[in-house]
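So the protein lines, in turn, are chains A and B.
Residue numbering for the first sequence follows my numbering, starting at 1 and increasing by one per position.
Residue numbering for the second sequence follows my numbering, starting at 1 and increasing by one per position.
Beta carbons are placed, not taken as given, at the ideal position from N, Cα and C, and that holds for glycine.
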Amino acid sequence: MTDRANNLEHDEVQMQIPWYLNGTLSETEATRVREHLEQCPDCRADAAVHESIQRAVVQDEAIPIVPSVSAASLLDELSSPAPRASSWPRYRKYAVAASLVLSVVVVTAVLTARVSPVAKNHAFQTATGEQTTTGITYVLRIQFEDEASPQAQARILGELGAIEVKSSGQTDVYEILIRMPNSSLGELETFARDAQSRSEVRSADFIALQMPVR
Amino acid sequence: MTKPKDNDGLPTSNEEEAALLRRIAERHRPSFEELFASYHPRIFKFVFRLTRSYTAADELANDVLLVVWKSAKDFRGEAKVSTWVFGIAYRQSLRYMRKKKLNVVALLDQDAIATDTNSELERQDWVRHGIQKLPPKQQLTVMLVYYLGLSCEETAAATNSPVSTVKTRMFHARRKMKDFLATSAEPAALTEANDND
Chain A
1 MTDRANNLEH DEVQMQIPWY LNGTLSETEA TRVREHLEQC PDCRADAAVH
51 ESIQRAVVQD EAIPIVPSVS AASLLDELSS PAPRASSWPR YRKYAVAASL
101 VLSVVVVTAV LTARVSPVAK NHAFQTATGE QTTTGITYVL RIQFEDEASP
151 QAQARILGEL GAIEVKSSGQ TDVYEILIRM PNSSLGELET FARDAQSRSE
201 VRSADFIALQ MPVR
Chain B
1 MTKPKDNDGL PTSNEEEAAL LRRIAERHRP SFEELFASYH PRIFKFVFRL
51 TRSYTAADEL ANDVLLVVWK SAKDFRGEAK VSTWVFGIAY RQSLRYMRKK
101 KLNVVALLDQ DAIATDTNSE LERQDWVRHG IQKLPPKQQL TVMLVYYLGL
151 SCEETAAATN SPVSTVKTRM FHARRKMKDF LATSAEPAAL TEANDND
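Encoded structure:
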């Protein structure tokens, strides 16, 4: 094979490595890539990087998946008519009153949920297909505003019920462990939003969890 | 009522999924519920791996499935149903990642990663950290190829891009990852693995 033909094959194989690794090349193409890799150290080095990426991406994680809404209620939300803009001023005072009442109800519900466990035991579908019950320690990543004093940060971490606080390595950013038994995804969202609504908090997001040892 | 199937009642083949989509196009809610049960966890996991956010993963999975409900009639059967659905997931995720670019990149910062360099998990954490630094289109293409295992042509269909563009994105993703792993304080085990090649 000429140098030019070799270079052409090298370039083509280099572009096919990802699909050689994920097993979607035809047998003929796969054989061609395999034979080229055997004799080309540059392409083997490229393949090693791709393999690292592939391993990191496909590594299984036990992610509890709890859809916040069912398929039916998702469609119901879609089909419920949006409020007409023109009717807003007319019903404004009723809407404001209703939202105040709703806020009180929601806040009460959130506070109640945070101090007393919900009676129902949710079953979580995990990425491994395993069913498990709740009783999970979640990791909340929280970033404080620059002007938040250490005292204010400590107070908020306490109020959030942090059972362990880890430094992220960045100033004013912590990963805190929070035990939230019987919490639905909606409750987690509410919790994160509640945390983020404080003026001292720049962001709050659940980034991981610790599954109970069974 | 849809007939029961293997695999916990979820559709098991592209033909079954295509039949579901045809019924969804006719506004058959039980078919949508069946597709939702099958795809919500997969889209959730796909997005969660990119964003590490439960909220984003759930919201995006719902958004994607609502688009499926609204546009099922547009499915022409030229690609597999999964390719079509994840094409929608690709576009929705791309929009989200562009909007939240800083937050997504900041989710896993270098200092937050544990220093136990002998652990395979820590090594993979490190590589994932590098993946999260890639531009959104490259990250998503990497996910389509390696997480979903799409062929080059399927990836092109899902991203509505030419095959050559898909190959180029993977080429650049690999090059950036190689630079990232070479110039950063990567775990020793990975360095050794690459040096051996």
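A check of alpha carbon separations from B/F44 across B/M177, B/S93, B/T159 identifies B/S93 as the nearest.
For the pair B/L21 and B/F86, the CB atoms are not nearer than the 8 Å cut-off. Only those residues of the segment 120 to 135 of chain B whose C-beta falls short of 7 Å from the nearest C-beta of chain A are listed: Q124, V127, R128, I131. Judged by DSSP secondary structure, B/R174 falls within the alpha helix (DSSP H) whose first and last residues are 163 to 183. At least 8 Å separates the CB of A/Q196 from every CB of chain B. With contact defined as three or more Cβ pairs closer than 8 Å, the segment 50 to 66 of chain B and the segment 191 to 209 of chain A are in contact. Residue B/F48 holds the alpha-carbon nearest to the alpha-carbon of B/Y90 among B/R175, B/H129, B/D125, B/F48. Under the DSSP assignment, A/T137 falls in the beta strand (DSSP E) whose first and last residues are 136 to 144. Under a criterion of Cβ atoms nearer than 9 Å, the residues of chain A adjacent to B/M177 are, in order, V49, H50, S52, I53. No Cβ-Cβ contact shorter than 8 Å links B/N62 with A/L185. DSSP places A/D205 in the strand class (E or B) of the three-state scheme.
About 7 Å separates the beta carbons of A/I156 and A/V201, which is inside the 8 Å limit, making them a contact pair. For the options B/A173, B/R175, B/C152, B/R174, the alpha carbon positioned closest to that of B/S164 is the one of B/C152. In this structure, the alpha-carbon of A/R44 lies about 20 Å from that of B/T183.
A/V173 carries a strand assignment under DSSP once its states are collapsed to helix, strand and coil. By the criterion of at least three beta-carbon pairs nearer than 8 Å, the segment 66 to 80 of chain B is not in contact with the segment 140 to 147 of chain B. A/S52 and B/R174 have their C-alpha atoms some 10 Å from each other.
The C-beta of B/N62 comes closer than 8 Å to at least one C-beta of chain A. The continuous stretches of alpha helix (DSSP H) do not include A/Q59, and DSSP gives it neither H nor E. The contact set of B/E33 on chain A, defined by CB atoms closer than 8 Å, consists of S70, A71, A72 in chain order.
DSSP links A/A162 through a beta bridge to A/I178. Here DSSP, grouped into helix, strand and coil, assigns B/S82 to helix. Counting along the chain, A/G186 sits inside the alpha helix (DSSP H) bounded by residues 185 to 196. Of the residues assessed, A/L78 falls on the exposed side of the cut-off, its CB having fewer than 16 other CB atoms within 10 angstroms.
Note on A/E38: under 16 other CB atoms within 10 angstroms of its CB, so exposed under the neighbour-count rule.
In the structure shown, the three-state DSSP call for A/N7 is helix. For B/G87, the closest Cβ of chain A is not nearer than 8 Å.
In the structure shown, B/K70 adopts helical secondary structure according to DSSP, grouped into three states.
Its chain contains S203, A204 as the residues whose beta carbon lies nearer than 7 Å to that of A/Q196, once the 5 sequence neighbours on both sides are disregarded; these appear in chain order.
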